[in-house]
Amino acid sequence: MEEARAVFRDAIDDMPSDAALWCNYRATYFHEENYLAALPYFQKAIELSPSFNGPYLSAGMCLTGLGLHEDALRLYDQAIRDTR
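In the numbering used here, the protein residues as written are 23 to 106.
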(Lines of atoms letter the chains of each structure in order from A and count residues from 1; the text may use other names and numbers.)
(Lines give C-alpha, C1' and ligand atoms only; values in the text may rest on other atoms or scores of the structure.)
Protein backbone atom coordinates (compact mmCIF):
# COMPACT_ATOMS: atom_id res chain seq x y z
CA MET A 1 0.00 0.00 0.00
CA GLU A 2 2.89 2.35 0.65
CA GLU A 3 3.94 2.13 -3.01
CA ALA A 4 0.38 2.91 -4.11
CA ARG A 5 0.29 5.89 -1.74
CA ALA A 6 3.52 7.20 -3.28
CA VAL A 7 2.01 6.98 -6.77
CA PHE A 8 -1.16 8.77 -5.67
CA ARG A 9 0.81 11.44 -3.81
CA ASP A 10 2.76 12.16 -7.02
CA ALA A 11 -0.46 12.35 -9.02
CA ILE A 12 -2.05 14.63 -6.41
CA ASP A 13 1.00 16.90 -6.58
CA ASP A 14 0.35 17.22 -10.32
CA MET A 15 -3.45 17.54 -10.07
CA PRO A 16 -4.36 18.67 -6.53
CA SER A 17 -7.96 19.53 -7.42
CA ASP A 18 -8.87 16.05 -8.71
CA ALA A 19 -11.36 14.63 -6.20
CA ALA A 20 -11.04 11.10 -7.61
CA LEU A 21 -7.31 11.07 -6.88
CA TRP A 22 -7.97 12.00 -3.26
CA CYS A 23 -10.51 9.16 -3.05
CA ASN A 24 -8.08 6.69 -4.54
CA TYR A 25 -5.34 7.79 -2.16
CA ARG A 26 -7.64 7.18 0.78
CA ALA A 27 -8.51 3.75 -0.57
CA THR A 28 -5.04 2.57 0.40
CA TYR A 29 -5.82 3.31 4.04
CA PHE A 30 -9.34 1.96 3.77
CA HIS A 31 -7.99 -1.30 2.35
CA GLU A 32 -5.82 -1.59 5.47
CA GLU A 33 -8.89 -0.84 7.63
CA ASN A 34 -7.18 2.32 8.86
CA TYR A 35 -10.42 4.28 8.78
CA LEU A 36 -9.20 7.25 10.82
CA ALA A 37 -6.35 7.83 8.38
CA ALA A 38 -8.71 7.58 5.40
CA LEU A 39 -11.35 10.08 6.56
CA PRO A 40 -9.46 13.35 5.90
CA TYR A 41 -8.93 12.38 2.27
CA PHE A 42 -12.65 11.80 1.79
CA GLN A 43 -13.31 15.18 3.33
CA LYS A 44 -10.86 16.78 0.89
CA ALA A 45 -12.56 15.05 -2.04
CA ILE A 46 -15.97 16.30 -0.85
CA GLU A 47 -14.56 19.84 -0.63
CA LEU A 48 -13.26 19.63 -4.18
CA SER A 49 -16.33 18.04 -5.73
CA PRO A 50 -19.47 18.17 -3.57
CA SER A 51 -21.59 16.55 -6.28
CA PHE A 52 -19.34 13.48 -6.49
CA ASN A 53 -21.09 10.87 -4.31
CA GLY A 54 -18.11 8.50 -3.99
CA PRO A 55 -16.45 10.32 -1.09
CA TYR A 56 -19.70 10.52 0.88
CA LEU A 57 -20.30 6.81 0.51
CA SER A 58 -16.71 5.86 1.29
CA ALA A 59 -16.53 8.15 4.30
CA GLY A 60 -19.75 6.55 5.49
CA MET A 61 -18.14 3.13 5.21
CA CYS A 62 -15.20 4.39 7.28
CA LEU A 63 -17.55 5.67 9.94
CA THR A 64 -19.37 2.34 9.93
CA GLY A 65 -16.01 0.62 10.40
CA LEU A 66 -15.40 2.86 13.40
CA GLY A 67 -18.81 1.97 14.84
CA LEU A 68 -20.23 5.45 14.17
CA HIS A 69 -23.35 4.22 12.45
CA GLU A 70 -25.53 7.32 12.97
CA ASP A 71 -22.84 9.55 11.46
CA ALA A 72 -22.45 7.10 8.57
CA LEU A 73 -26.18 7.22 7.87
CA ARG A 74 -26.06 11.02 7.72
CA LEU A 75 -23.34 10.84 5.07
CA TYR A 76 -25.27 8.26 3.06
CA ASP A 77 -28.33 10.52 3.19
CA GLN A 78 -26.22 13.50 2.16
CA ALA A 79 -24.80 11.54 -0.77
CA ILE A 80 -28.32 10.87 -2.00
CA ARG A 81 -29.52 14.45 -1.50
CA ASP A 82 -26.47 16.36 -2.75
CA THR A 83 -25.64 14.30 -5.80
CA ARG A 84 -29.00 14.20 -7.57
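Each residue gets a CB set at the ideal place from its N, CA and C atoms; glycine is no exception.
Residue 75 is not a Cβ neighbour of residue 34, given a cutoff of 9 Å. One thing to note: residue 30 has its Cβ within 9 Å of the Cβ of residue 46.
Contact between residue 64 and residue 80 holds, since their C-beta atoms are separated by about 5 Å, short of 8 Å. DSSP places residue 56 outside any alpha helix (DSSP H), giving it a letter other than H or E. Distance from the CA of residue 23 to the CA of residue 95, rounded to the nearest whole angstrom, comes to 28 Å.
In the three-state reduction of the DSSP assignment, residue 38 falls in the coil class.
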